[in-house]
Amino acid sequence: MSKEIRVVGNWKMNKKVGETLSFIQSLPPLLKVAYLAIPYTAIYAACAQKIPLLAIGAQNMHDDPFGPYTGEISGEMLRDIGAEFVILGHSERRHYFNETNDFINRKIKHALVTNLVPILCIGETALERDNNQTLEVLTKQLSESLFEIESAHLEAMMIAYEPVWAIGTGKPATAQMAQKTHFELRKLINQQWGPQVAEKIYILYGGSISADNIADFVKQPDIDGVLVGGASLNSASFTQLLQIVGNIKT
Ligand code: PGA
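Mind the numbering: the sequence shown is residues 16 to 265 in this note's numbering, read in order.
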């Protein structure tokens with residue numbers, strides 16, 4: 016089955032409200048949905064623009080709907096201001112904020128009940144790859160983060176395979192290496208949740224995607240799209256990525 020390729024931008028801790036609005040207003044008309052995960056503070060203003068086929072999302076959230084968690088934001092709050100999806104378990108959150116698979120699992124469950132599409136990020140470090148532990152690490156991240164998630168929910172989710180050593184380094188995996196890993200991930204999903212989920216679920220690749228390499232990645236049979244950090248920060252380069260995957264008329 017061929018799927019529409021998805022491009023998801025991840026702005027991380029970049030852009031104020033004014034910069035966000037100029038960026039999204041400068042995008043050419045979209046032919047299918049494009050995704051931008053932006054800072055919490057700009058979500059309401061971005062959604063209020065109602066740009067057709069532009070889905071705005073967040074980069075994290077708490078796993079409870081409300082309560083005494085100073086400084087936190089819940090999925091319900093994100094839905095309330097128009098967010099449609101949320102990135103969960105990004106390696107920067109796992110590394111700098113000690114997020115565990117168990118916590119990420121609870122967040123995914125909360126995102127699903129609030130109707131936010133979760134994008135679960137997984138990925139091995141350079142050391143783990145060198146020690147031939149890649150598949151073991153990914154299997155653990157995947158099965159613990161997706162513990163007790165029903166097939167019907169999983170079908171609608173996205174998983175982003177982001178090797179930690181490829182994030183923000185300008186040194187992506189090769190498309191063939193990523194394809195091999197995506198194939199293994201889909202096999203794992205098939206074993207645990209069955210063929211329908213394995214076919215429908217989106218598996219994105221992330222890590223140093225640029226206009227020069229995106230085409231190689233998205234032509235691989237098991238790569239359904241990309242999660243892009245650096246190259247999504249500039250509207251011209253984000254537009255170029257969308258053009259290459261056919262999301263904008265050339
Ligand atoms: P990068 O970031 O494209 O700048 O490597 C990807 C990500 O962290 O999601």
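We put the CB at the ideal spot given by N, CA and C, even for glycine.
Query: Hey, out of A167, K186, P54 and C62, whose CA is closest to D95's CA?; Result: C62
Query: What first and last residue would you give for the beta strand (DSSP E) that runs through A190?; Result: Segment A190 to W208 is the alpha helix (DSSP H) holding A190; no beta strand (DSSP E) there.
Query: Alpha carbon to alpha carbon, how far is A251 from G183?; Result: 19 Å
Query: Would you call the CB atoms of R121 and N75 closer than 8 Å?; Result: no
Query: Would I102 and I137 qualify as a contact pair, given that the criterion is a beta-carbon distance under 8 Å?; Result: no
Query: For the alpha helix (DSSP H) containing I229, name the first residue and the last one.; Result: I229 to V233
Query: Locate the beta strand (DSSP E) running through I299, then write down its first and last residues.; Result: Nothing in the structure corresponds to residue 299, since the chain is present only between 16 and 265.
Query: I need the straight-line Cα distance from L300 to K47, nearest angstrom please.; Result: With the chain covering 16 to 265 only, the question about residue 300 has no answer from this structure.
Query: Assign M172 to one of two classes, buried (16 or more other C-beta atoms within 10 Å of its C-beta) or exposed (fewer than that).; Result: buried
Query: Distance, Cα to Cα, K264 vs K195?; Result: 31 Å
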